[in-house]
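A.B. asks: Take this structure first; my questions come after.
Protein chains in written order, with the UniProt record's numbering: chain A, 1 to 261; chain B, 1 to 258.
Structure, rendered in structure tokens:
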């Protein structure tokens with residue numbers, strides 16, 4: 001009996017302690033670094049109060065002016081998500097180990113995808129404004145790359161979880177790579193893929209709303225304009241409108257996604 | 001004709017899967033491979049269509065080496081070998097007919113199959129294959145609406161639509177109940193007799209092996225320990241293959257026909 005109890009080791013608490021300490025150090029480090037100070041929040045309160053009271057009541061007449069830029073934002077999001085989704089198909093397949101067992105292929109595809117995803121959306125917009133000039137075209141280009149990164153990452157991870165059975169049987173019937181993909185991979189991966197495209201669209205609408213800050217079209221330009229010229233009532237209209245649009249799109253798309261998965 | 005010549009398979013971890021297998025299977029035979037799990041039954045079967053690669057030796061199909069085949073040549077050889085799996089391996093979200101038609105991809109151009117432009121003749125072949133296993137009426141149902149036994153018959157139909165000369169069945173009844181087990185085995189046997197398709201089946205039910213096989217092959221730790229007509233496969237032979245007495249759960253037992 002004594003020997004038996006010895007064999008069962010109590011799980012070590014060392015790991016937990018180390019993780020806890022590392023987290024604590026990280027917090028202190030970050031806190032110091034940004035010089036976060038509760039005091040400044042209290043000191044700044046009058047300004048915050050002015051901003052909020054200044055926003056009320058929202059300027060409802062301004063709604064007419066922002067309708068077109070808002071539509072532009074939505075158009076940017078729709079076109080960019082579509083392009084991003086189309087581009088993501090080949091890369092999703094190239095990054096999936098059950099489709100391409102060759103690790104050289106999957107690793108190169110994944111490195112490329114990791115690189116794409118490290119670029120923040122606003123930086124992307126800035127780059128494309130510099131390349132293509134101010135306007136919605138730059139916004140579409142930036143958001144295409146942005147949604148491409150999101151969709152591909154989520155999609156290849158879900159492709160790798162599909163049932164390997166049909167993959168095996170398509171190999172056995174003598175299918176080539178294209179047929180293997182069309183008959184065994186696509187039908188299994190399609191519902192998840194569509195769900196991820198919708199999810200990317202949700203994120204894209206939110207991201208596209210601030211693209212105007214760097215001149216890439218859409219509602220964002222109005223937002224920065226009103227903020228800089230202290231027209232808080234107009235800004236409130238923009239914020240509320242954006243909120244409504246995002247909530248509507250999110251609820252519709254999450255309902256469709258629930259049905260798909 | 002399938003010929004194994006000095007076939008050896010060693011897994012990366014050093015386990016010997018197949019040990020010096022020499023074997024000839026003639027056209028039209030109904031061969032049943034028995035042995036304990038891990039004896040190499042599945043490895044032997046899957047080495048025939050190269051779902052598993054062998055380490056040494058050669059496997060010839062109708063005189064052509066599948067071991068040496070590459071690319072389009074390999075796919076062309078696989079087209080003639082149908083395979084039936086324990087878990088059916090159908091695409092569950094698509095129709096039965098599309099699953100059966102997927103057996104015919106090797107006959108047409110990539111573009112044509114990708115666009116789903118099947119010639120009328122192919123659809124007829126697929127429906128005919130479904131008739132042969134008595135589930136033609138399920139052609140347009142989604143594969144996951146079917147019971148396990150029906151799904152296995154769809155996978156048999158896929159092998160038929162493939163116009164395979166050889167059918168490999170890897171534990172085809174292991175996930176079925178006793179009654180559907182008999183129906184599936186009856187289908188395989190009938191197809192073997194009516195169409196003369198060489199059939200090789202892995203089984204762990206010994207009474208089924210005796211009832212359906214014409215030839216029994218026994219594997220033990222990767223070695224061929226028995227090869228003979230079903231009449232010679234006595235209880236003693238099975239005990240020898242298994243290295244112990246036969247247990248009750250290795251027999252399917254009698255099933256009352258419904």
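C-beta: ideal position from N, C-alpha, C; glycine also.
1. State yes or no: is the beta carbon of residue 60(A) nearer than 8 Å to at least one beta carbon in chain B?
2. Using 8 Å as the threshold, is the C-beta distance between residue 30(B) and residue 192(B) below it?
3. Among the residues of its own chain, which have a CB less than 8 Å from the CB of residue 75(A), if the five just before and after it don't count?
4. I believe residue 144(B) touches residue 93(B) by the beta-carbon criterion, under 8 Å. Please report the beta-carbon distance rounded to the nearest angstrom.
5. Let me know if residue 122(B) comes out buried or exposed under the rule of 16 or more other beta-carbons within 10 Å of its beta-carbon.
6. Please classify residue 72(A) as buried or exposed, where buried requires at least 16 neighbouring CB atoms within 10 angstroms.
7. Rounded to whole angstroms, what is the Cα-Cα separation between residue 152(B) and residue 134(B)?
8. Cβ of residue 202(B) less than 8 Å from any chain A Cβ?
9. Where does the unbroken alpha helix (DSSP H) through residue 121(A) begin, and where does it stop?
10. Have a look at residue 68(A) and residue 182(A) and give me their C-alpha separation to the nearest angstrom.
11. With a threshold of 8 Å between beta-carbons, can residue 116(A) be considered close to chain B, or not?
12. List the residues of chain A that residue 42(B) touches, going by C-beta distances under 8 Å, in chain order.
13. Exposed or buried, residue 104(A), counting other C-beta atoms within 10 Å across all chains shown (16 or more means buried)?
14. Select from the stretch 65-92 of chain A all residues with a C-beta closer than 7 Å to any C-beta belonging to chain B, and list them in chain order.
15. Given that residue 91(B) touches chain A, what residues does it touch there, using C-beta distances under 8 Å?
16. Could you check where the alpha helix (DSSP H) with residue 207(B) kicks off and where it finishes?
17. Can you find a heavy atom of the ligand PLP that lies under 7 Å from the Cβ of residue 177(A)?
18. Rounded to the nearest angstrom, what separates residue 150(A) and residue 251(A) at their Cα positions?
19. If you measure from the beta carbon of residue 173(A) to each beta carbon in chain B, is any gap under 8 Å?
20. My guess is that residue 92(A) and residue 159(A) are in contact by the Cβ rule of under 8 Å, so how many angstroms apart are they, rounded?
21. Using a Cβ cut-off of 8 Å (strictly closer), state whether residue 143(A) contacts chain B.
22. Distance cutoff 8 Å, beta carbons only. Does residue 170(A) sit that close to anything in chain B?
23. When DSSP labels each residue in this structure, what does residue 238(B) get in the three-state scheme?
24. Kindly say whether residue 106(B), judged by its beta-carbon, lies nearer than 8 Å to any beta-carbon of chain A.
25. Assess contact between the stretch 80-87 of chain B and the stretch 161-179 of chain A, defined as three or more Cβ pairs (one per stretch) separated by less than 8 Å. Is contact present?
26. Exposed or buried, what is residue 256(B) when buried is set at 16 or more other beta-carbons lying within 10 Å of its beta-carbon?
27. By DSSP, does residue 161(A) sit in helix, in strand, or in coil?
28. Since I believe residue 94(A) is in contact with residue 109(A) (beta carbons under 8 Å), could you give me their beta-carbon distance rounded to a whole number of angstroms?
29. Taking beta-carbon pairs under 8 Å, can you tell me which members of the stretch 233-251 of chain A lie near chain B?
30. Return the residue from the list 206(B), 50(B), 200(B), 247(B) that minimises the CA-CA distance to residue 25(B).
31. Quick one, which residues of the stretch 59-80 of chain B are near chain A if we go by CB-CB under 7 Å, in chain order?
32. Expressed to the nearest angstrom, what Euclidean distance is found between the alpha-carbon atoms of residue 117(A) and residue 156(A)?
33. So, using beta-carbon positions, are residue 34(B) and residue 246(B) closer together than 8 Å?
34. Near residue 83(A), which residues of its chain fall below 6 Å by C-beta distance, leaving aside the five closest residues on each side in sequence?
35. Closer than 8 Å, CB to CB, is residue 102(B) near chain A or not?
36. For a cutoff of 8 Å on Cβ pairs, would you count residue 146(B) as touching chain A?
C.D. replies: Let me lay it out:
1. No, no contact with chain B.
2. In this structure, residue 192(B) lies closer than 8 Å to residue 30(B) by Cβ.
3. Only 136 meet the Cβ criterion.
4. Between residue 93(B) and residue 144(B) the Cβ distance is about 7 Å, and since that is below 8 Å, they are a contact.
5. Residue 122(B) comes out buried.
6. Buried is the call here.
7. Roughly 12 Å separates the two Cα atoms.
8. No, its Cβ sits nowhere closer than 8 Å to a Cβ of chain A.
9. Looking at the DSSP string, the run of the alpha helix (DSSP H) that includes residue 121(A) is 121-132.
10. Near 41 Å, if we compare the C-alpha coordinates of residue 182(A) and residue 68(A).
11. Residue-level contact check: residue 116(A) does not touch chain B, since none of the beta carbons of chain B fall below 8 Å from its beta carbon.
12. Listed along chain A, no residue sits closer than 8 Å to residue 42(B) by beta-carbon distance, the nearest being about 12 Å off.
13. Exposed: under 16 other Cβ atoms inside 10 Å.
14. Interface annotation for the stretch 65-92 of chain A against chain B: empty, criterion Cβ-Cβ distance under 7 Å.
15. Simply 166, 183, 184, 187, 188.
16. Its alpha helix (DSSP H) spans residues 206-212.
17. In terms of ligand content, the structure shown is empty, and the ligand PLP therefore cannot be addressed.
18. Rounded to whole angstroms, the separation of the alpha carbons of residue 251(A) and residue 150(A) is 20 Å.
19. Chain B contact via Cβ: present.
20. With a Cβ gap of about 6 Å, residue 92(A) and residue 159(A) count as contacting.
21. Chain B contact via Cβ: absent.
22. Closer than 8 Å to the CB of residue 170(A) there is at least one CB belonging to chain B.
23. In the three-state reduction of the DSSP assignment, residue 238(B) falls in the helix class.
24. It does: the Cβ of residue 106(B) has a partner Cβ on chain A nearer than 8 Å.
25. Contact holds between the stretch 80-87 of chain B and the stretch 161-179 of chain A, because three or more Cβ pairs, one in each stretch, are under 8 Å apart.
26. The predicted model places residue 256(B) with a pLDDT of 48, which falls under 50 and marks its position as unreliable, so this point remains unresolved.
27. Three-state DSSP puts residue 161(A) in coil, outside helix and strand.
28. With a Cβ gap of about 4 Å, residue 109(A) and residue 94(A) count as contacting.
29. Look at the stretch 233-251 of chain A: it has no residue with a C-beta under 8 Å from a C-beta of chain B.
30. Considering only alpha carbons, the answer is 200(B).
31. Flagged, chain order: 75, 76, 78, 79.
32. One C-alpha to the other measures close to 14 Å.
33. No, Cβ-Cβ distance for residue 34(B) and residue 246(B) is not below 8 Å.
34. Taken in chain order, the residues that qualify are 144.
35. Chain A contact via Cβ: present.
36. Cβ-Cβ to chain A under 8 Å: no for residue 146(B).
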